[in-house]
Amino acid sequence: MHATHKDDSLTRTHAAAGEPFVWLTAMGLTIGLLMVVGLLGIIVANGIPVFWPKKVYEVTLKAGINNPVPGGGESFAGEIVQTRTKRVPILTKTGEVEADQKEVQYFVGNKDIYGLNFAFVSRVDIEKRDLPKDIYAIERMEYGDAFVFPLDLTLADGTKIEAAGNNEFSSGLAKAVKISNSLRDEIRQIEKIQIGRINSQINELKVKGGGSPESVEQIAKLEAQYEELATKARTLRQEQQGAKITFRAPNGTIKTQPISEVVGFYQPNNLGLLQKTGIFLHNIWGFLSGQPREANTEGGIFPAIFGTFVMTLLMSIAVVPFGVLAAIYMREYAKQGFLVRSVRIAVNNLAGVPSIVFGVFGLGFFVYFVGGGLDRWLFSDYLPTPTFGTGGIFWAALTLALMTVPVVIVATEEAIAAVPRGMKEGSLACGASKWQTIQRIVLPASVPGILTGLILAMARGAGEVAPLMLVGVVKLAPSLPIDGEFPFVHLERKFMHLGFHIFDLGFQSPDSEAAKPMVFATTLLLILLVVLLNITAILIRERLRKKFATGAF
Amino acid sequence: MNHESTMSETSPNSLSQTSPAAQMPAASEDMLRSDYIKICHFNFFYGLKQALFDISMDIPEREVTAFIGPSGCGKSTLLRNLNRMNDLIDGVRHEGDVIVNGQSIYDPHIEVISLRKRIGMVFQKSNPFPKSIYENIVYPLRVAGQNKKSVLDETVERSLKGAALWEEAKDRLHDSALGLSGGQMQRLCIARAIANRPEILLMDEPCSALDPIATAKVEELIHSLKKDFTIVIVTHNMQQATRCSQRTAFFYLGKLIEFDITTKVFGNPSQKQTEDYITGRFG
Chain A
0 MHATHKDDSL
10 TRTHAAAGEP
20 FVWLTAMGLT
30 IGLLMVVGLL
40 GIIVANGIPV
50 FWPKKVYEVT
60 LKAGINNPVP
70 GGGESFAGEI
80 VQTRTKRVPI
90 LTKTGEVEAD
100 QKEVQYFVGN
110 KDIYGLNFAF
120 VSRVDIEKRD
130 LPKDIYAIER
140 MEYGDAFVFP
150 LDLTLADGTK
160 IEAAGNNEFS
170 SGLAKAVKIS
180 NSLRDEIRQI
190 EKIQIGRINS
200 QINELKVKGG
210 GSPESVEQIA
220 KLEAQYEELA
230 TKARTLRQEQ
240 QGAKITFRAP
250 NGTIKTQPIS
260 EVVGFYQPNN
270 LGLLQKTGIF
280 LHNIWGFLSG
290 QPREANTEGG
300 IFPAIFGTFV
310 MTLLMSIAVV
320 PFGVLAAIYM
330 REYAKQGFLV
340 RSVRIAVNNL
350 AGVPSIVFGV
360 FGLGFFVYFV
370 GGGLDRWLFS
380 DYLPTPTFGT
390 GGIFWAALTL
400 ALMTVPVVIV
410 ATEEAIAAVP
420 RGMKEGSLAC
430 GASKWQTIQR
440 IVLPASVPGI
450 LTGLILAMAR
460 GAGEVAPLML
470 VGVVKLAPSL
480 PIDGEFPFVH
490 LERKFMHLGF
500 HIFDLGFQSP
510 DSEAAKPMVF
520 ATTLLLILLV
530 VLLNITAILI
540 RERLRKKFAT
550 GAF
Chain B
0 MNHESTMSET
10 SPNSLSQTSP
20 AAQMPAASED
30 MLRSDYIKIC
40 HFNFFYGLKQ
50 ALFDISMDIP
60 EREVTAFIGP
70 SGCGKSTLLR
80 NLNRMNDLID
90 GVRHEGDVIV
100 NGQSIYDPHI
110 EVISLRKRIG
120 MVFQKSNPFP
130 KSIYENIVYP
140 LRVAGQNKKS
150 VLDETVERSL
160 KGAALWEEAK
170 DRLHDSALGL
180 SGGQMQRLCI
190 ARAIANRPEI
200 LLMDEPCSAL
210 DPIATAKVEE
220 LIHSLKKDFT
230 IVIVTHNMQQ
240 ATRCSQRTAF
250 FYLGKLIEFD
260 ITTKVFGNPS
270 QKQTEDYITG
280 RFG
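Structure below.
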């Protein structure tokens, strides 16, 4: 009896101490953390292996099984993508029953030869799997990867290197690919940049010159330069197409392809760990720095990274002064009353407006009204081709700035309110005006809080897609928003964005199955970019916090 | 002196920052004004609540005047009215007038900023800015547009010496002011308050957050500052009032009960309430 009583009092103390709520609150946090870690885990687990070179199996099927790859006879070659379980009807003596069956998805490549990229085979239908040492994985400009057995290589000077039993074949091919790649860069440089510059000059002369003799003369001169460059590019292209490789696909088809179409190659079943790591890093670098190919499903995403970065930066530059000024007025100058309270509520509600609405507003106000006005005023010579009267990176940045400004206003207001009253009074008692006090005392002490607002704004802005689709994002931008061409920063240009890229790859591409790994890799990159921007802001904030630490209060 | 000339900022007798008291050492005791700060029938309201009732008093030049009284008696409110610090609060209202050296501080021609430049203030809690010691002291000069390094350097040395902080701080002028001790911070705030050579120094319980040693230093400082400044100090500490003031005003419930020579107030108070307060029977 006594013991029970004691236990009872113990439990009561336990509850009175608030212990159950420790668990409840901890549970809330744990669930949140688990979801974040889970999401990141899925993205990392799917995004990173994209770049790791996989083994290529030669699969031999059992007799009588239909080969998914056309013309392959009883075998095909490919990388394992995934294994999944399928319920299939099986005929037994007693009748038809359902049973689980393992099904393997292979990436078979050679889309130009097979007409498909993936093959599904039930595991029970596989007779055996081999790892052919002499198979090559060739990354190409078009039609994706090819898994082939090379036969010979013809160099530009006509020399022929046989593949069979020749140790020099691999190094010879590597050399040929390297030459071809550098030629491709050179051609790109000429066609995209030099010829592009001449084109824009000609356009400008045509619009501004108005057919005057000098302008005609200059256009003729520029056109001569254009011809010269075009001839040069043609010569280089011919040179690039000199070397050829002949290979046999696993289904027996023999094909000859110019080296100019090859980007790189490796022997997937003949690699050490070091070589694999090398290829892994090379692939990551190619992804980060390269241009997209094949409707964005292949190649790199550098323009999208750069576009996202520049857009976020422009947005930050626009949102901070705007938000900080509004917050200063509301907190320091306005008489605190019904009106200010209403404005504050309105600002907070602005944060809850669906982002697409901001997109529509940006299109109507910034693009058509402001941009159209600018075009009529400053760029009327170019009309009807719009300059600012169409979606562009500047309008996108302003639209997102408008969307994220409530966050900055709220954070700044709180930071200003947290500046000790004694400090403000001290400044005023020194004979400082209100503005001097704000400028010299209040704002410096609020910078960490303002940066917190900016971090939140950037995180929201960088990940936003819907409004951007209306105000300037495109699937493939011909040029970057910042480049070497005068005036270097081209605010009117359309741009690529990682968030839109994810949408485009996952839901708009012709082969979304093939693009799936790229979706994960791009998502991972977008998250990393946001983290990077945030860490930069946090580091700045910590430095300032130390500087303005108000230990006395 | 006629009224118009005292209103004018350019009048030689008006108090501008270029004619500080320190530049008139020749003035003998009897030339000092006995009504340097003249408070006339002053009423003050926070919204509907009246905080000060019909205060009239004359504070003499270059003396230390102490305001004492129990909490909430209005002494800080009156002090903060002398440099119009209370203007910052919404919904305040005043009646009557405060005249400093013949010039009303509520004169619409006077800018409150120039008024505050003439009247330095030290607060109860030390409030150094999160800047270096040097920048803290030159702050009043910088906001007044003075950026000449020689002037600033000279001011820092003079103010720190004036606030008896020079020896401790001269080697760390460019370190953060927040690294100082509590007593040093308060002396830094005094140095800042006297940096732009004001004529009046208002001190709102400057020692209430300090230990006895730091308090002694600040009191010594008040003693030495009174030859250049007219000082008004609010204090809860009656010993402090006797130690450093020449005159004492006792406030109770928003009314001025007694205002006289300090020795008289503490030795032979004329009012019963004053006597009760200083002997510790209430408050």
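Residue numbers (numbering that gives the first Met the number 0), protein chains in the order written: chain A, 0 to 552; chain B, 0 to 282. In this text, a Cβ means the ideal position worked out from N, Cα and C, and glycines have one as well.
8 Å Cβ cut-off: residues of chain A touching residue i
i	result
Tyr138 (chain B)	Ser426, Cys429, Ala431, Arg439
Ile112 (chain B)	Gly430, Ala431, Ser432
Asn195 (chain B)	Cys429, Gly430
Proximal chain B residues relative to residue i, where beta-carbon distance stays under 9 Å
i	result
Lys334 (chain A)	Asp89
Ala416 (chain A)	Going along chain B, no residue has its Cβ under 9 Å from Ala416 (chain A), so there is no contact; the nearest lies around 15 Å.
First and last residue of the uninterrupted alpha helix (DSSP H) at residue i
i	result
Cys39 (chain B)	Taken as a continuous stretch (DSSP letters only), Cys39 (chain B) belongs to no alpha helix (DSSP H), being part of the beta strand (DSSP E) at 36-45.
Met310 (chain A)	301-327
Val352 (chain A)	Premise fails: Val352 (chain A) is in no alpha helix (DSSP H) and is neither H nor E.
Ile258 (chain A)	Where Ile258 (chain A) is concerned, there is no enclosing alpha helix (DSSP H), given that its DSSP letter is neither H nor E.
Ser149 (chain B)	148-161
Glu134 (chain B)	132-142
Cβ neighbours of residue i in the same chain (closer than 6 Å, five flanking residues each side left out)
i	result
Phe168 (chain A)	Ile160, Ala162
Leu313 (chain A)	Ala396
His281 (chain A)	none
Ile36 (chain B)	Ile58, Val99
His40 (chain B)	Asp53, Ser55, Gly95
Gln22 (chain B)	The predicted position of Gln22 (chain B) is uncertain, since its pLDDT is 42 and thus under 50; a value taken from the coordinates is nonetheless stated next. For Gln22 (chain B), where only same-chain residues beyond five positions count, there are no Cβ hits under 6 Å.
Lys74 (chain B)	Phe66, Gly68, Val233, Phe250
Glu138 (chain A)	Asp144, Val262, Gly263
His489 (chain A)	Pro480
Pro516 (chain A)	Val49
Tyr56 (chain A)	Arg128
7 Å CB neighbourhood of residue i in its chain, flanking five on each side removed
i	result
Met56 (chain B)	Ile38, Ala248, Leu255, Phe258
Glu413 (chain A)	Gly448
Glu274 (chain B)	Pro268
Asn42 (chain B)	Gln49, Leu51, Phe52, Asp53, His93, Glu94, Gly95
Phe106 (chain A)	Gly77, Glu78, Val80, Asn116, Phe117
Chain A residues whose Cβ lies nearer than 7 Å to that of residue i
i	result
Ala143 (chain B)	Gly430
Arg289 (chain B)	Here chain B has residues from 0 to 282 only, and residue 289 (chain B) is not among them.
Asn100 (chain B)	Neighbours of Asn100 (chain B) on chain A: none; closest Cβ ~17 Å, over 7 Å.
Chain-ordered neighbours of residue i on chain B, where CB pairs are closer than 7 Å
i	result
Met329 (chain A)	Neighbours of Met329 (chain A) on chain B: none; closest Cβ ~15 Å, over 7 Å.
Gln553 (chain A)	Outside the displayed range of chain A (0 to 552) lies residue 553 (chain A), so it cannot be described from this structure.
Boundaries (first-last residue) of the beta strand (DSSP E) holding residue i
i	result
Lys101 (chain A)	94-106
Val91 (chain B)	91-99
Gln81 (chain A)	74-91
Gln185 (chain B)	Premise fails: Gln185 (chain B) lies in the alpha helix (DSSP H), 181-193, not in any beta strand (DSSP E).
Thr48 (chain B)	Per the sequence shown, residue 48 (chain B) should be read as Lys rather than Thr. Here the beta strand (DSSP E) through Lys48 (chain B) covers 48-58.
Val68 (chain A)	Looking at the DSSP string, Val68 (chain A) is not in any beta strand (DSSP E), and its letter there is neither H nor E.
Where residue i meets chain A, residues with beta-carbon distance less than 9 Å
i	result
Phe122 (chain B)	Gly421, Glu424, Gly425, Ala428
Cys115 (chain B)	Looking at the sequence itself, residue 115 (chain B) is Arg, so the reference to Cys does not match. Near Arg115 (chain B) (Cβ distances below 9 Å), the residues of chain A are Leu427, Ala428, Cys429, Gly430, Ala431.
Met202 (chain B)	Result: empty, since nearest Cβ-Cβ is about 11 Å, beyond 9 Å.
Met84 (chain B)	Glu424, Leu427, Ala428
Per-residue contacts from residue i into chain B (C-beta, under 8 Å)
i	result
Ala444 (chain A)	Pro129
heavy atom of the ligand FAD below 8 Å from residue i C-beta
i	result
Asp170 (chain B)	For the ligand FAD, the structure offers nothing, since it holds no ligand at all.
Own chain, CB closer than 8 Å to residue i, minus 5 neighbours either side, in chain order
i	result
Thr84 (chain A)	Asp99, Gln100, Lys101, Glu102
Arg439 (chain A)	Ser426, Ala431
Ala26 (chain B)	A caution first: Ala26 (chain B) carries a pLDDT of 46, below 50, which makes its placement in the model unreliable, though a value can still be read off. Once the five neighbours on either side are set aside, Ala26 (chain B) has no close Cβ partner at all.
Three CB pairs or more closer than 8 Å across the segment 327-340 of chain A and the segment 480-487 of chain A
Flag = no, the segment 327-340 of chain A and the segment 480-487 of chain A do not touch.
Mind listing, in chain order, the continuous beta strand (DSSP E) runs of no fewer than 3 residues lying wholly within the segment 160-215 of chain A?
Correct list: empty.
Should the segment 266-276 of chain A be called in touch with the segment 170-183 of chain A, which here means at least 3 C-beta pairs below 8 Å?
Judged by pairs of C-beta atoms under 8 Å, the segment 266-276 of chain A does not touch the segment 170-183 of chain A, as fewer than three such pairs exist.
With a threshold of 8 Å, are at least 3 pairs of Cβ atoms found where one atom belongs to the segment 185-196 of chain B and the other to the segment 137-150 of chain B?
Verdict: yes, contact present.
Extract the residue ranges of the beta strand (DSSP E) inside the segment 497-551 of chain A, only unbroken runs of 3 or more that lie entirely within it.
Listed in chain order, the beta strand (DSSP E) elements of length 3 or more contained wholly in the segment 497-551 of chain A amount to none.
Can you find at least 3 beta carbon pairs, one from the segment 58-72 of chain B and one from the segment 82-93 of chain B, that sit closer than 8 Å?
Using a Cβ-Cβ distance cut-off of 8 Å, the segment 58-72 of chain B and the segment 82-93 of chain B are not in contact, since fewer than three pairs of beta carbons, one from each stretch, lie closer than that value.
Please give the ranges of any alpha helix (DSSP H) in the segment 201-275 of chain B, keeping only runs that are unbroken, at least 4 residues long and fully inside the region.
Fully enclosed alpha helix (DSSP H) runs of 4 or longer: 211-224, 237-243, 261-266.
Below 8 Å, how does it come out for the segment 284-292 of chain A and the segment 300-317 of chain A: are there three or more Cβ pairs, yes or no?
Contact between the segment 284-292 of chain A and the segment 300-317 of chain A is present, because at least three Cβ pairs lie under 8 Å.
So within the segment 364-440 of chain A, which uninterrupted alpha helix (DSSP H) runs reach at least 4 residues, ignoring any that extend past its ends?
Taking 4 residues as the minimum length, the alpha helix (DSSP H) runs contained wholly in the segment 364-440 of chain A are 371-377, 392-416, 420-428, 433-436, in order along the chain.
I want to know whether the segment 342-360 of chain A touches the segment 398-417 of chain A - three or more CB-CB distances under 8 Å.
In short, these stretches touch, since the Cβ pair count reaches three.
Stretch pair the segment 247-262 of chain A + the segment 147-159 of chain A: three plus CB contacts closer than 8 Å:
By the criterion of at least three beta-carbon pairs nearer than 8 Å, the segment 247-262 of chain A is in contact with the segment 147-159 of chain A.
Within the chosen definition, does the segment 63-76 of chain A reach the segment 90-97 of chain A through at least 3 CB pairs nearer than 8 Å?
As far as the Cβ criterion goes, the segment 63-76 of chain A does not touch the segment 90-97 of chain A, which means the pair count is below three.
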